[in-house]
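So the mapping is simple: the numbering used here equals the position in the sequence shown, first residue as 1, plus 309.
Accompanying notes for the structure given below.
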Amino acid sequence: MAQGKQPTPLLGKPLADEVTQGVRQALKGWAFRPHLVSVLASDDEASRVYVDSKARRAGRLGVDFSVRELGAGAAREELEATLRELSADDSVHGVVLELPLSRGLDADAALLHIAPRKDVEGLTPANLALIAAGQEAEALLPPTPRSVRFLLRRVLGDDLRGLRVAVIGPGRTVGRPLTFMLNNRGVTVTLCNEHTRDLAGVLAPLDAVVVAVGHAGLLRPEHVQPHHVVIDAGINVQDGGEMVGDAMPDLPVRAQTPVPGGVGPLTSALMYQNLVRAVKLQRGEAVE
């Protein structure tokens, strides 16, 4: 890349608009409004922002959205009973457990109590196991890894077979499922973390880099090459409320997703696409 040339911004909104249009078409064919419930068991301000964003999008789409707010002092038994209740309620079609939970609550244990076919964020062990087994057609896939894969395909082409991609950050919500999801498309995946030695040397021959650690500025100019595509799935809130990613902005690369505006908008749209898929699975209908 020529000195001073800016990378191509890889924006999530155009893809999100395409996905949202498909969701609207699906909803028009139903004589009912699907019901999505968000469960809050913390006083995390970021979670409240995300819940408000989900509510606004639901309203625009014609989805019934409600919040079950248990408060920061919720007991484990209350949380798990609530998730079981919603999972058994035929009038509820999707359940989201907002993370992080309050201290003392175990997210892994709580997720066990969400019915896999109502798990629109694709985080239950049952859905993750289907992904790891290469049976994505039977699963609800986590929206953020799906967003990453969508964005990679937008730059690198629909056929990802043979490409080499680094995933920095083996977290439960992004890195781990994404590793399997890329592998399922024939990608050779290099899994890294914030302690990987000689990161620049590891990344140099690869086609793309996905970073999802939660460490602002982790990926820097000296780590990347002009041919790289960088997908930044990190979210870090700075003093003053500014949101930044894990990669420094405007890296000297082929294309880079900004934060905000990259992965986030598409992730939100894909969650509602998951709701459509969840309803079909619950009704025994064919899904793509």
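Glycine included, each C-beta is placed from N, C-alpha and C at the ideal position.
According to the DSSP assignment, V404 belongs to the beta strand (DSSP E) that extends over G403 to L406. Under the Cβ criterion (8 angstroms, minimum of three pairs), the segment 459–479 does not count as touching the segment 377–389. About 6 angstroms separates the beta carbons of A521 and G480, which is inside the 8 angstroms limit, making them a contact pair. Out of R463, T482 and P318, the CA that lies nearest to the CA of L450 is found in T482. Distances from the alpha-carbon of I540 to those of Q547, M552 and M557 put M557 closest.
In this structure the segment 370–380 does not touch the segment 427–435; the number of beta carbon pairs closer than 8 angstroms is below three. Around the Cβ of V596, a 10 Å sphere holds fewer than 16 other Cβ atoms; the residue is exposed. Taking C-beta atoms as the reference points, L420 and L432 count as a pair closer than 8 angstroms.
Judged by DSSP secondary structure, I440 falls within the alpha helix (DSSP H) whose first and last residues are P434 to A441. Closest by C-alpha distance to I544, out of A448, R377, G382 and S356, is S356. Going by C-alpha positions, G550 is about 42 angstroms away from R592. Spanning the alpha carbons of D399 and A340 requires a straight line of approximately 16 angstroms.
Closest in alpha carbon position to V572, among R463, D467 and N492, is R463.
For T453, same chain residues with a beta-carbon under 7 angstroms away, outside a window of 5 residues either side, are T482, V483, A542, V572 and T576 in chain order.
In the three-state DSSP reduction, F341 falls in the coil class, being neither helix nor strand.
In the three-state reduction of the DSSP assignment, T391 falls in the helix class. Between the segment 315–324 and the segment 375–383 there are fewer than three inter-stretch CB-CB distances shorter than 8 angstroms, so the stretches are not counted as touching. Under the three-state reduction of DSSP, Q547 is assigned to coil, being neither helix nor strand.
Counting the other Cβ atoms within 10 Å of the Cβ of P530 gives fewer than 16, which makes it exposed.
Annotation for L512: no beta strand (DSSP E) segment contains it, though the alpha helix (DSSP H) segment containing it runs L508 to L512. For A564, the three-state secondary structure derived from DSSP is strand.
S351 is positioned such that its CB atom lies closer than 8 angstroms to that of P409. With fewer than 16 neighbouring CB atoms inside 10 Å of its own CB, R473 falls in the exposed class.
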